[in-house]
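**Q** Numbering (this note's numbering), first residue to last: 513 to 632. By construction, the Cβ of each residue, glycine as well, lies at the ideal position given by its N, Cα and C atoms.
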Amino acid sequence: ARGGGPSPRLFVYDLPEHTSLILQYRAGRNVCTPRAFTFSNTTDWNGGYAYTVDVALHEALLRSPHRVASPDDADFFYIPTYLSCAILPVYDYTGPADYQRGFPMRPVTAMRMLSDAVDR
513 ARGGGPSPRL FVYDLPEHTS LILQYRAGRN VCTPRAFTFS NTTDWNGGYA
563 YTVDVALHEA LLRSPHRVAS PDDADFFYIP TYLSCAILPV YDYTGPADYQ
613 RGFPMRPVTA MRMLSDAVDR
């Protein structure tokens, strides 16, 4: 019998070079995130900006009761990548990842990011 939460069980891969590390290159505090925190420690929601869906989905799945700690217990797998951040709001991110080599067009960078994540 499988352990973990209720069915269907989901395993979320940990790929910081495709998620949290890319956020440091964003153009502003409301870019690539569904919310920001104010100086008074309140939440400032960005109003559903389209380029935050990757981050919002990833955060929701990390909190899901269907998430399991072991891939052996999973029915489904989620490979997190912040592709929309690579396409527009990161503005020519040029970090150290292998998928950022060569032709710098943003959609090409997003395609390489996804390919690199799947290969891992």
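Once you ignore the five residues that flank W557 on each side, which residues in its own chain have a CB closer than 8 Å to its CB?
**A** Contacts found: P546 and R547.
**Q** Taking the beta strand (DSSP E) that V524 falls in, what are its first and last residues?
**A** Note, V524: beta strand (DSSP E), L522 to V524.
**Q** Run through DSSP, which three-state label would P608 get?
**A** Below a pLDDT of 50, predicted positions are generally treated as unreliable, and P608, at 48, falls in that range; the measurement from the model is reported next regardless. In this structure, P608 counts as coil in the three-state DSSP scheme.
**Q** Between which two residues does the alpha helix (DSSP H) carrying R575 extend?
**A** Here the alpha helix (DSSP H) through R575 covers V565 to R575.
**Q** Does the distance from the C-beta atom of R575 to that of L522 stay below 7 Å?
**A** The answer is no: Cβ separation not under 7 Å.
**Q** Have a look at I534 and T593 and give me their C-alpha separation to the nearest angstrom.
**A** Each residue's Cα considered, the two are about 9 Å apart.
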